[in-house]
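In the UniProt record's numbering, the protein residues as written are 1 to 140.
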């Protein structure tokens, strides 16, 4: 991949440009329009790469559950032990006297990571959760 910068122009409605400039401003002093466009393109390419079957991805699955749910923690631990090669780490946080948050770090082929996440999210007692996946972006 070449690091040579290529210039191109983008046409957009004025109101969209105004909103984009606000986004650039929120991204910080070091960001300009070109840097934000590059970030957006990289994000889109990583998202596409993550959706490609067979791609090696890393992700975090964040779940919220009641620690009073019958046998839930045992079920979650059993799932995590079943997928030792894919579950890298987890962190458990007590949110209040009833609710816990758990962040599970996963690594593996995109389909397997999604399947593990679906298994955990579908476990009775899990209130909600979200899987966020990424790649190293080495081909970008």
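In this text, a Cβ means the ideal position worked out from N, Cα and C, and glycines have one as well.
- For the pair of segments examined, the region 64-81 was found not to touch the region 14-32: the number of CB pairs separated by less than 8 Å stays below three.
- In its chain, beyond the 5 residues on either side, 58, 86 and 88 have a beta carbon closer than 7 Å to the beta carbon of residue 107.
- With three or more CB-CB distances shorter than 8 Å, the region 41-58 counts as touching the region 101-119.
- The DSSP assignment places 33-51 and 72-82 as complete runs of the alpha helix (DSSP H) inside the region 18-82, in order along the chain (cut-off: 4 residues).
- Taking the CA atoms as reference points, residue 69 sits about 6 Å from residue 125.
- Residue environment: residue 135 is assigned as buried (16 or more neighbouring CB atoms within 10 Å of its CB, all protein chains considered).
- Nearest to residue 80 by alpha-carbon distance, out of 118, 46 and 45, is 118.
- Linking residue 130 to residue 76 through their CA atoms gives a straight-line distance of about 15 Å.
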